[in-house]
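Engineer: Residue numbering for the sequence shown is 48 to 266, as defined by my numbering.
Backbone N, C-alpha and C fix where the C-beta goes; we use that ideal spot for every residue, glycine too.
Mind looking over this structure? Questions follow.
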Amino acid sequence: MSRNDGLTRRSVVGGLLGGAVLSASGRASAASLMATPFQNQGPFYPMELPLDRDNDLVQVTGRPTRAAGELVHLFGRVLDTSGGTISDAKVEIWQCDSKGRYHHPRDFNGPADPDFQGYGTTLSDHAGAWRFRTIKPVPYTGRTPHIHFIVSVPGAPRLTTQMYLKGHPQNNGDHLFQSLGSQRLQASVSVAFKPAPKIAPGVQAGNFDIVIGGNTSAG
């Protein structure tokens, strides 16, 4: 899907999810928020960025069908530790397809889903909000379900992190999830997807606010 199409869809999804985003804004008013923790980038960041890299990962330009997998809308905001919103932050995500395969030449588990974009990027708006349409992450050998994030904010170190499914049974055995240590840090990168019938029947949505602070990486 073209970049312009992605921004149009983002506006539509923004209208549908606006109430949820507004309700979340009240939670960011605390005097000090915990920074989202740094996590390893992993080996599968795209070696070459796809031509189609908007915020809709389930529909690829020129493909007649959408990606296999459970459709979800993922949204959130980019915040500073005082709860202020950050606009124009570049948010990148990448993840495996519904069969646990990445669009990467070093993933030797078989061909990746050609209908799944695998990588997407967007900018946070004036309220710090961002959103993606993608598939619910799935496990693969050695890893619990997760989505990789890089958040780049002008004048601040880059944050690399991962997002997990809240309460997934494989979290307990995942070395990177467990390396976070405290339950509070684990909770800060865990998302519960819930039915969102106002968007579409059978669709789920989840919120992941990203707090830029001391636990970021410049590399």
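Could you tell me the distance, in whole angstroms, from the CA atom of Val250 to the CA atom of Glu95?
Structural biologist: Rounded to the nearest angstrom, the two C-alpha atoms are 30 Å apart.
Engineer: Short of 7 Å in beta carbon distance, which residues of its chain neighbour Met210, apart from the five on each side in sequence? Order them along the chain.
Structural biologist: For Met210, where only same-chain residues beyond five positions count, the Cβ hits under 7 Å are His193, Ile194, Phe196, Val236, Val238, Phe255.
Engineer: Would you give the residue range spanned by the beta strand (DSSP E) that His151 belongs to?
Structural biologist: First-last for His151: undefined, no H or E at that position.
Engineer: Closer than 7 Å to a non-hydrogen atom of the ligand FMN - does that hold for the CB of Ser129?
Structural biologist: In terms of ligand content, the structure shown is empty, and the ligand FMN therefore cannot be addressed.
Engineer: Suppose the cutoff is 7 Å on Cβ atoms and the five residues either side in sequence are ignored; what does the same chain contact list for His215 look like?
Structural biologist: Taken in chain order, the residues that qualify are Thr191, Pro192.
Engineer: Helix, strand or coil for His195 per DSSP?
Structural biologist: Strand.
Engineer: Distance, Cα to Cα, Asp101 vs Val107?
Structural biologist: Roughly 9 Å between the two C-alpha positions.
Engineer: Thinking C-alpha only, which one of Leu170, Arg148, Thr168, Leu118 is nearest Asp160?
Structural biologist: Among Leu170, Arg148, Thr168, Leu118, the Cα nearest to that of Asp160 belongs to Arg148.
Engineer: With 16 as the cutoff for other CB atoms within 10 Å, does Gln230 come out buried or exposed?
Structural biologist: By the 10 Å Cβ count, Gln230 comes out exposed.
Engineer: From Lys213 to Ala234, what does the alpha carbon distance come to, in whole angstroms?
Structural biologist: Cα to Cα, the separation comes out at about 7 Å.
Engineer: Does any C-beta atom of chain C lie closer than 8 Å to the C-beta of Thr188?
Structural biologist: No chain C appears in this structure, which consists of one protein chain only.
Engineer: Grouping DSSP H, G and I as helix and E and B as strand, with all else coil, what is Arg100?
Structural biologist: If DSSP states are grouped into helix, strand and coil, Arg100 belongs with coil.
Engineer: Does the pairing of the segment 157–173 with the segment 215–224 give three or more beta-carbon distances under 8 Å?
Structural biologist: Because the criterion of three Cβ pairs below 8 Å is not met, the segment 157–173 and the segment 215–224 do not touch.
Engineer: In the DSSP assignment, find the beta strand (DSSP E) that holds Phe224 and state where it starts and stops.
Structural biologist: Taken as a continuous stretch (DSSP letters only), Phe224 belongs to no beta strand (DSSP E), being part of the alpha helix (DSSP H) at 222–225.
Engineer: For Gly116, which residues from the same chain have a beta carbon less than 6 Å from its beta carbon, with the 5 sequence-adjacent residues on both sides left out?
Structural biologist: Ser145, Ile182.
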